[in-house]
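One structure is given below, encoded as structure tokens.
In the working numbering, the protein residues as written are -10 to 211.
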């Protein structure tokens, strides 16, 4: 999860709390405006799309301005709800140059077999992966749970369900600020294991309505 909030650069500070469903609607409206825009410059395209939709949002909820807490929520939910924004941030910050994450337009061919995937998770339960900004996150997979342990000492807990080379994670809880904004209890994320080589899984993650696939490496440490 990205740790800077791009919207902080654009707007200022007043106190306000907003329902996540309203934030989600705003982010989806912004994303649709971006997709339909003919503007070629990505920065201008984003700023225009955000301004025109936030004006309506601000009027509806009688906001005087955008505060830090709301800016953070919008930024994180944009990352979840808008594939274009994910790619834009990766170019803006160069995060994907610091890790093994890739954003793919098409689903790659699955080379791992069902037996290989099943046997791998029987033998291994301790892993790590690199966040898009380069931080190393530890993972424990046991008793049908997937637990992320982050560098700041926080965690996320999700249920884990494996079938052949596909697994699903259902979000349960987190005391990590960004993860708790990104996910709501019951959210399901889908993953396919593409390849297994030298104790390393190549994995793609996606959401059902997403048009992009997020590829990363999952490294075994046991």
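Backbone N, C-alpha and C define an ideal beta-carbon position, used for all residues, glycine too.
1. Contact defined as beta carbons within less than 8 angstroms: I believe residue 92 pairs with residue 75. What is the distance between those atoms, to the nearest angstrom?
2. Assuming residue 130 and residue 110 form a contact by the criterion Cβ under 8 angstroms, report the distance between their Cβ atoms to the nearest whole angstrom.
3. At what residues does the alpha helix (DSSP H) containing residue 73 begin and finish?
4. CA-CA distance, residue 164 and residue 77?
5. Residue range of the alpha helix (DSSP H) that residue 184 falls in?
6. Determine, using beta carbons only, whether residue 56 and residue 15 come nearer to each other than 8 angstroms.
7. Would you kindly check if the distance between the Cβ of residue 63 and the Cβ of residue 12 is under 8 angstroms?
8. Please list, in chain order, all residues of the same chain as residue 139 whose beta carbon is under 6 angstroms from its beta carbon, the five residues on each side excluded.
9. Within the continuous beta strand (DSSP E) that includes residue 207, where are the two ends?
10. Taking residue 168 as the reference, which of 136, 208, 34, 72 has the closest Cα?
11. In or out: residue 66 buried (at least 16 other Cβ within 10 Å) or exposed?
12. Residue range of the alpha helix (DSSP H) that residue 112 falls in?
13. Please report the residue range of the alpha helix (DSSP H) in which residue 16 lies.
14. Tell me, please, whether the segment 173 to 180 touches the segment 150 to 160 by the rule of three or more beta-carbon pairs shorter than 8 angstroms.
15. If you draw a straight line from the alpha carbon of residue 143 to that of residue 195, how long is it in whole angstroms?
16. Where does residue 53 sit, in a helix, a strand or coil, going by DSSP?
17. Residue range of the alpha helix (DSSP H) that residue 166 falls in?
18. What whole-angstrom Cβ distance do residue 208 and residue 193 have, given they're in contact under 8 angstroms?
19. Let me know the secondary structure DSSP gives residue 145 once reduced to three states.
20. With DSSP collapsed to three states, give me the class of residue 124.
21. Going by the DSSP bridge assignment, what does residue 232 pair with across the sheet?
In this structure, then:
1. The Cβ separation is near 6 angstroms, so the contact holds.
2. With 8 angstroms as the limit, residue 130 and residue 110 qualify as a contact, their Cβ atoms being about 7 angstroms apart.
3. In this chain, the alpha helix (DSSP H) harbouring residue 73 covers 72 to 82.
4. C-alpha of residue 164 to C-alpha of residue 77: approximately 27 angstroms in a straight line.
5. Careful: residue 184 lies outside any alpha helix (DSSP H), inside the beta strand (DSSP E) at 177 to 186.
6. No, these two residues do not count as a Cβ contact at 8 angstroms.
7. The Cβ-Cβ distance between residue 12 and residue 63 falls below 8 angstroms.
8. If the five residues before and after residue 139 are omitted, its C-beta is found closer than 6 angstroms to the C-beta atoms of 126, 165, all from its own chain and listed in chain order.
9. The continuous beta strand (DSSP E) containing residue 207 extends over residues 202 to 209.
10. Comparing Cα-Cα distances from residue 168 to each of 136, 208, 34, 72, the minimum goes to 136.
11. With 16 or more other Cβ atoms inside 10 Å of its own Cβ, residue 66 counts as buried.
12. Per DSSP, the unbroken alpha helix (DSSP H) holding residue 112 starts and ends at 103 to 112.
13. DSSP places residue 16 inside the alpha helix (DSSP H), whose first and last residues are 9 to 25.
14. Contact holds: three or more Cβ-Cβ distances are below 8 angstroms.
15. A straight line joining the alpha-carbon of residue 143 with that of residue 195 spans about 24 angstroms.
16. Residue state, collapsed to three classes: coil.
17. Looking at the DSSP string, the run of the alpha helix (DSSP H) that includes residue 166 is 166 to 171.
18. Not really, about 16 angstroms apart at Cβ, beyond 8 angstroms.
19. Under the three-state reduction of DSSP output, residue 145 falls in the strand class.
20. Coil at residue 124, not helix or strand.
21. Residue 232 is absent from the structure shown; the chain starts at -10 and stops at 211.
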